[in-house]
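As structure tokens, the structure follows; a few thoughts come after it.
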Amino acid sequence: MRDVAVIGVGMLRFGELWEKSLRDLCVEASLAAIRDAGVERIDSLVVGCMASGLFTEQEHLSNLLADSLGMGPVPATRVECACASGGVALRSGLMEVASGMSEIVLVVGAEKMTDVSGEACTATLATAADQEYEAFCGATFPGLSAMIARAYMEKFGATSAQLAAVAVKNHANGALNPLAQYQSKITVEEVLKSIMVADPLHVLDCSPVSDGAAACILCPLERAAKLSRKAPVRISGVGFATDSIALYRRPELTRLPAIELSAQRAFKMAGRKPSDIQVAELHDAFTIMEICALEEVGIVERGQGAQAAPAGRTALNGPIPVNTSGGLKSKGHPVGATGVAQAHEIVLQLRGEAGPRQVKGARIGLTQNMGGTGGSSVVHIFEA
Amino acid sequence: MITARVWRERRQRYLNEAARCKGCGRIHFPPRQVCDACRGSDFEAVRLAETGKVLSWSIIRVPPPAFAQEAPYAVAVLEMDDGARMMAQVADVAPEEMRTGMRVRLEFRKIRQYGRTGIIAYGHKAVPVA
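Residue numbers (the working numbering), protein chains in the order written: chain E, 6 to 389; chain S, 42 to 171.
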């Protein structure tokens, strides 16, 4: 396998983008990444999107994007893995380049969520769960995460205020990110006073409904210097793992084994260990998920996840900054875009282009992107 | 939504039919074609235990459209007395009465109505055991 580098990234500000269609989002992010890399052509494209059919009645998104970019004849593939669609699309693009099948690959993640009502959005997100046996009885996506949160809080004595500290930290980071949906700080009190969505999760424990897209350009590391003026960021490891789609089938409700396994696989491929990571983007669709992911990836010890944010361990100026972009919570979570947007943030950090939220001297970063309630997880490790 | 989708699940939803793996003895609900514990594919139909306990739960306050009239309602991960796991609504309980470890019994209830066709799906809800 060839070493693969990211030579360009692009993203538009996430949010409720009423004036932009799914097509507009994909094209704008793609053009931004192509401009950033300074490449003239691409050989293949992969787009990650969870539910363009249900959200916008558009399938065949890969073809739509190739056409809209005027890149007609290139092969174009759509990848779906619920909220991990973007991260899994990145892995697919990586494999195309690593295998020698393609030279320059455009990877895009996108989702347009605000063209349907809030209720329809809730129902669409619930399709990431087991439709016949979880969604059937009225369980929602926040509801399933709430059951993990309750089990975790009861087992480890974690509190709602500790969960809220994750949202507070990520909003503080998002306030420094011009591409974040919410660029405002919040307090623990505000989180705890916000309405309950699914006990014990408040609305401010949950990532928002967002429109958005992000993109990156991959090429063989050995050709990076010739193809682009940008400093290449090498993807040194990738790991992908699955688990039962239904939460109720997991032996231990406080564990997300797919995250642990995907991280172990990525660390093994990269020849790295959790303590080597200097900046990480974790899948904080809900505050409890950042806490669980910290433990599963191995950044903190088991049972210690809830104490990390209140103690400042994962703060921007802490020993291991997590979700410097604002995370899904504050940057926004257009589900299919998220995995690629995480890569966008880590590439900026490793290039030293993250502005006021720059982690000084960061050379090794990690992204963790999850689909469903822990049914799928994909981890990438990046090195400057 | 067409009727076949509700009809084809009738044995597990109407008769509480679960599957016991002949290889390792594990009971699965709903029945599966492959046992995820031992990868066996030889099963016998058994009736799911009707009592069990709540392992974790939530109160859904922002429901999907099909459940709009019912919110707030409780959903829970249940462990039945035969070891099978399932997810179900917990009915006849106030949100403040929900507890982890609570004993429950399954009852046959209306679960939801599907879209414009109005097909009614029945299945299990759990109710507290006094």
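Even glycine gets a Cβ: it sits at the ideal position worked out from N, Cα and C.
Contact annotation for E:G148 against chain S: S99, I101 and V116 [CB-CB distance below 7 Å, chain order]. S:R144 does not reach chain E, its nearest Cβ partner there being about 17 Å away, counting only Cβ pairs nearer than 7 Å. Between the region 195-209 of chain E and the region 96-111 of chain S there are three or more inter-stretch CB-CB distances shorter than 8 Å, so the stretches are counted as touching. DSSP, read as helix, strand or coil, puts E:H349 in helix. Taking a C-beta distance under 8 Å as the contact criterion, S:H165 and S:E148 qualify as a contact pair. Closest option to S:E50, judged by alpha-carbon separation, among S:P71, S:Q154, S:G156 and S:A109: S:P71. DSSP places E:N328 outside both helix and strand once states are collapsed to three, so it counts as coil.
Taking 8 Å as the CB threshold, E:D120 stays off the interface with chain S. Boundaries of the alpha helix (DSSP H) harbouring E:L30: L27 to A42, taken from the DSSP string. Closer than 8 Å to the CB of S:D77 there is at least one CB belonging to chain E. Contact residues of the region 234-258 of chain E toward chain S are S249, A251, L252, Y253, R254 and L258 (C-beta to C-beta distance below 8 Å).
Taking the CA atoms as reference points, E:V214 sits about 26 Å from S:Q130. Distance from E:G370 to E:Q283 at the Cβ level is roughly 6 Å; contact confirmed, criterion being Cβ atoms closer than 8 Å. Out of E:T343, E:F161 and E:R40, the CA that lies nearest to the CA of E:L258 is found in E:F161. By the neighbour-count criterion, in which a residue is buried when 16 or more other Cβ atoms sit within 10 angstroms of its Cβ, E:T192 is exposed. Annotation: the region 69-143 of chain S contains the following complete segments of the beta strand (DSSP E) (minimum length 3 residues), in chain order: 84-88, 92-101, 114-121 and 126-131.
Setting aside the 5 residues that flank it on each side, E:P315 is surrounded in the same chain by A166, Q167 and A170, each with a C-beta closer than 8 Å to its C-beta; the list follows chain order. With respect to chain E, the C-beta atom of S:A109 has a partner C-beta closer than 8 Å.
Contact between E:A133 and E:A87 is confirmed by a C-beta separation of about 4 Å, below the 8 Å threshold. With at least 16 other beta carbons inside 10 angstroms of its own, E:R155 counts as buried. The CB of S:Q130 comes closer than 8 Å to the CB of C142 and G143 in chain E, given here in chain order. Three or more beta-carbon pairs drawn from the region 114-121 of chain E and the region 214-232 of chain E are found closer than 8 Å, and the two stretches are therefore classed as touching.
In chain order, P71, M127 and M128 make up the part of chain S whose C-beta sits under 8 Å from the C-beta of E:Y138. Using a Cβ-Cβ distance cut-off of 8 Å, the region 345-352 of chain E and the region 25-32 of chain E are not in contact, since fewer than three pairs of beta carbons, one from each stretch, lie closer than that value.
For E:L74, there is no enclosing alpha helix (DSSP H), as DSSP marks it with neither H nor E. Counting only residues of its own chain and dropping the five nearest sequence neighbours on each side, E:A177 has a CB closer than 6 Å to the CB of K190.
Listed by position along chain S, the residues whose Cβ is nearer than 7 Å to that of E:M16 form an empty set, because the closest Cβ is around 28 Å away. Spatial neighbours of S:Q154 in its own chain (CB-CB distance under 8 Å, excluding positions within 5 residues in sequence) are listed in chain order as A107, I160, I161 and A162. Rounded to the nearest angstrom, the Cβ distance from E:L299 to E:V327 is 7 Å, consistent with a contact under 8 Å.
Runs of the alpha helix (DSSP H) spanning 4 or more residues and lying entirely within the region 119-155 of chain E occur at 123-130, in chain order. Per the coordinates, the alpha-carbon of E:G123 lies some 13 Å from the alpha-carbon of E:T145. Just so you know, the alpha carbons of S:R52 and S:E58 end up roughly 6 Å apart. Counting the other Cβ atoms within 10 Å of the Cβ of S:L56 gives fewer than 16, which makes it exposed. C-alpha of E:R356 to C-alpha of E:A367: approximately 8 Å in a straight line. Inclusion of S:R88 and S:C76 in the CB contact set at 8 Å is not warranted, their separation being larger than that value. Put simply, the CB of S:T158 is far from chain E, with every gap to its CB atoms at 8 Å or more.
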